[in-house]
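Undergrad:
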Amino acid sequence: MKEERYDVVVVGAGPAGSVTAKTAAERGLDVLLIERNQEIGVPVKCAEGVSKEIEKFVAPDRRWICAEVKGANIYGPDGTKVVLSAETMDETGYVLERRIFDKFLASEAARAGAKIRVRTEAYDLIEEDGYAKGVYVRCMGEDTRIFAPVVVGADGVESKVGRWAGINTRLQPSNISVCAEFLMCDIELNGDYSEFFLGSEVAPKGYAWVFPKGGDCANVGLGIGGDVSDEKHRALDYLKAFVRNKFPDGKTVAEMYGVVPLSGPSYESVADGLILVGDAARQVNPLTGGGILYAMQAGKIAGDVIAKAVQEKDCSKKRLLEYENRWRSEFGKRLETGFKAKEFLFKLSDEDLNTLAHSLVGVKIKELSTWALLMELVKRNPKMLLGLAKMLL
Ligand SMILES: Cc1cc2nc3c(=O)[nH]c(=O)nc-3n(C[C@H](O)[C@H](O)[C@H](O)COP(=O)(O)OP(=O)(O)OC[C@H]3O[C@@H](n4cnc5c(N)ncnc54)[C@H](O)[C@@H]3O)c2cc1C
Numbered sequence: 003m004k005e006e007r008y009d010v011v012v013v014g015a016g017p018a019g020s021v022t023a024k025t026a027a028e029r030g031l032d033v034l035l036i037e038r039n040q041e042i043g044v045p046v047k048c049a050e051g052v053s054k055e056i057e058k059f060v061a062p063d064r065r066w067i068c069a070e071v072k073g074a075n076i077y078g079p080d081g082t083k084v085v086l087s088a089e090t091m092d093e094t095g096y097v098l099e100r101r102i103f104d105k106f107l108a109s110e111a112a113r114a115g116a117k118i119r120v121r122t123e124a125y126d127l128i129e130e131d132g133y134a135k136g137v138y139v140r141c142m143g144e145d146t147r148i149f150a151p152v153v154v155g156a157d158g159v160e161s162k163v164g165r166w167a168g169i170n171t172r173l174q175p176s177n178i179s180v181c182a183e184f185l186m187c188d189i190e191l192n193g194d195y196s197e198f199f200l201g202s203e204v205a206p207k208g209y210a211w212v213f214p215k216g217g218d219c220a221n222v223g224l225g226i227g228g229d230v231s232d233e234k235h236r237a238l239d240y241l242k243a244f245v246r247n248k249f250p251d252g253k254t255v256a257e258m259y260g261v262v263p264l265s266g267p268s269y270e271s272v273a274d275g276l277i278l279v280g281d282a283a284r285q286v287n288p289l290t291g292g293g294i295l296y297a298m299q300a301g302k303i304a305g306d307v308i309a310k311a312v313q314e315k316d317c318s319k320k321r322l323l324e325y326e327n328r329w330r331s332e333f334g335k336r337l338e339t340g341f342k343a344k345e346f347l348f349k350l351s352d353e354d355l356n357t358l359a360h361s362l363v364g365v366k367i368k369e370l371s372t373w374a375l376l377m378e379l380v381k382r383n384p385k386m387l388l389g390l391a392k393m394l395l
């Protein structure tokens, strides 16, 4: 079998993998980034919405921004509309074109010096004395042993890299959202706002979304709880019903199905010679399902810590724990809050959700964040949300 050697091998060229690879390459490491698909960023499995915080990680670029949004409209089960934005606010978020965005991030990694290989799938870990020492990969029928003192599992929600290293990455059905989405055109929509629809008939234990993609196009999708999804209750059926009701004359030009991990970070993201980043480490807000920015933030930390560990010739779990500690202190609390809020809010009835929506009508919430929204809800519904308040504060 062919053999190659690098300082770090990154499995998966989504936002987590590309940012990790770029950061490690910028710090002088010899980096290999592998992607099993033939085209990075394809197929898209995402609603593509991000807040403007993305600008902390990358300068906005017209090539991968489809639309700017000024806020969000949230609709309760009875149709009550809550507006999340203030007239004084600038645009609060972007809807990306991920097939271009993911390639852009990968090309940034390449420009920093990382080698990239598509159509290259990792299928097992090389281990020595309990340490990850590389991965076995297959590219067009040819197997290669890739040796590296650090292996990065940036292989998304279905991550196998962590499992190979003995980490229990299994997700309970109640901790996944099963999603279906159509890219629709020829529809009437408010292109300035992302829209969210709640209710057990629309999307039990989840929500439906309409994210503008520019002009008369939008990502129209929904996610339902994995524990309520079965043959007779499929996300696709809920989506078809939603679309029939909301956009009866719209045209579907693409379909997508995917799963979002909603467990929060329930296991350690490091082992000897190994780091997990992004969805593989469950770095996703369990309440919203948003993970792109956390994947990028964690990727930056991971690349930095890996560079130091390789240069110090100490890639033990103990050394790599700096990564775990740093990302948990930067955004671990937000994921924990999101998980607690999800556990509480998913149990509410439609009547409860209507009451919450009514309490926010006409209220101007200046910050487009889940925390600001939750705080406002707790303030206005202290009795109903006492349990939530106790968990959060
Ligand atoms: C329906 C849906 C809607 C979403 N909407 C949003 C949203 O609006 N906003 C938001 O912030 N987040 C959203 N998310 C979540 C977001 O897509 C993820 O959090 C984000 O993509 C995580 O990035 P990642 O790099 O960790 O993983 P991914 O983007 O999943 O990338 C992992 C990569 O690894 C590759 N790979 C896997 N296994 C191997 C292997 N063995 N060898 C080589 N390559 C491999 C895969 O092909 C893939 O390219 C959504 C997710 C879904 C499913």
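Take any residue in the sequence shown, count from 1 to its spot, add 2: that is its number in this note's numbering.
Backbone N, C-alpha and C define an ideal beta-carbon position, used for all residues, glycine too.
#1: Looking only at its own chain, which residues have a Cβ that is under 7 Å from the Cβ of residue 44, when we skip the five neighbours before and after it?
#2: Specify the secondary structure class of residue 2 as computed by DSSP and reduced to three states.
#3: Check the C-beta distance from residue 112 over to residue 118 and give it rounded, since I have them as a contact under 8 Å.
#4: With residue 373 as the anchor, note down where its alpha helix (DSSP H) starts and where it stops.
#5: Alpha carbon to alpha carbon, how far is residue 13 from residue 35? Give it in angstroms, no decimals.
#6: Grouping DSSP H, G and I as helix and E and B as strand, with all else coil, what is residue 8?
#7: Given residue 129, which residues of its chain have a CB within under 7 Å of its CB, disregarding the five upstream and five downstream residues?
#8: Do residue 106 and residue 189 come within 8 Å of each other at the CB atom, strictly closer than that value?
#9: For the beta strand (DSSP E) that contains residue 211, what are its first and last residues?
#10: Roughly how many angstroms separate the alpha carbons of residue 24 and residue 258, rounded to a whole number?
#11: Tell me which same chain residues have a C-beta within less than 7 Å of the C-beta of residue 375, skipping the five on either side of it?
#12: Does DSSP put residue 395 in a helix, in a strand, or in coil?
#13: Going by Cα to Cα distance, which pick from 54, 381, 19 and 230 is closest to residue 157?
#14: Output the distance between the C-alpha atoms of residue 277 and residue 38, rounded to the nearest integer angstrom.
#15: Does the distance between the C-beta of residue 39 and the nearest non-hydrogen atom of ligand 1 fall short of 7 Å?
#16: Leaving out the 5 sequence neighbours to the left and right, which residues in its chain are closer than 7 Å to residue 323 when beta-carbon positions are compared?
#17: Excluding five sequence neighbours on each side, which residues of the same chain lie with their C-beta closer than 6 Å to the C-beta of residue 355?
#18: Hey, residue 177 and residue 289 are a contact pair by Cβ (cut 8 Å); roughly how many whole angstroms apart?
TA: In short, the structure shows the following:
#1: Answer for residue 44: 101, listed in chain order.
#2: What the structure shows of the chain is the stretch from 3 to 395, and residue 2 is not part of that stretch, so it cannot be assessed.
#3: 5 Å
#4: 372-382
#5: Answer to the nearest angstrom: the Cα atoms are 6 Å apart.
#6: coil
#7: For residue 129, where only same-chain residues beyond five positions count, the Cβ hits under 7 Å are 135.
#8: no
#9: 209-216
#10: 28 Å
#11: 86 and 367
#12: coil
#13: Nearest option by C-alpha distance: 19.
#14: Taking the CA atoms as reference points, residue 277 sits about 19 Å from residue 38.
#15: yes
#16: 272
#17: 78, 79 and 200
#18: With 8 Å as the limit, residue 177 and residue 289 do not qualify as a contact, their Cβ atoms being about 12 Å apart.
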